[in-house]
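Structure, as C-alpha cells:
Residue numbers (this note's numbering): 526 to 612.
Set out below in C-alpha cells:
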C-alpha cells in the first residue's frame, strides 16, 4: 500500500499517540500485517486483527487487497483515515 501525504500524517499522529516509531507503524500498515501491528502497538493479536481488518477493508475492491489504494477515492481515503485514527 502506498500512502498519500494525508495518510502519512494520520500515521504520524497515531505513532505519536502510542509513543512508537513512525517507521515501524508505517511498515506494519504498508505490509497490511496484523502481526507487525500487534508488535508495534503492543496489542494482543485479536485486537490487532480487528484494527487491521478495518484498514484492509478500506483498501480492498472485489477481493483484491490493495486495489482500493489504486482507486483512492474520497470515500476510500475517508474510511482509511478513520481506521488509522482509531489505532
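Think of the CB as a built atom: it goes at the ideal place given N, C-alpha and C, for glycine as much as any other residue.
For clarity, every value in this text was computed on a predicted model and none was experimentally measured.
Per-residue DSSP class, three states only, for residue 557 | coil
Is residue 559 buried or exposed, if buried means 16 or more other CB atoms sit within 10 Å of its CB?
-> buried
Straight-line Cα distance separating residue 605 from residue 583 = 5 Å
Mind checking which residues open and close the alpha helix (DSSP H) that includes residue 536?
-> 530-543
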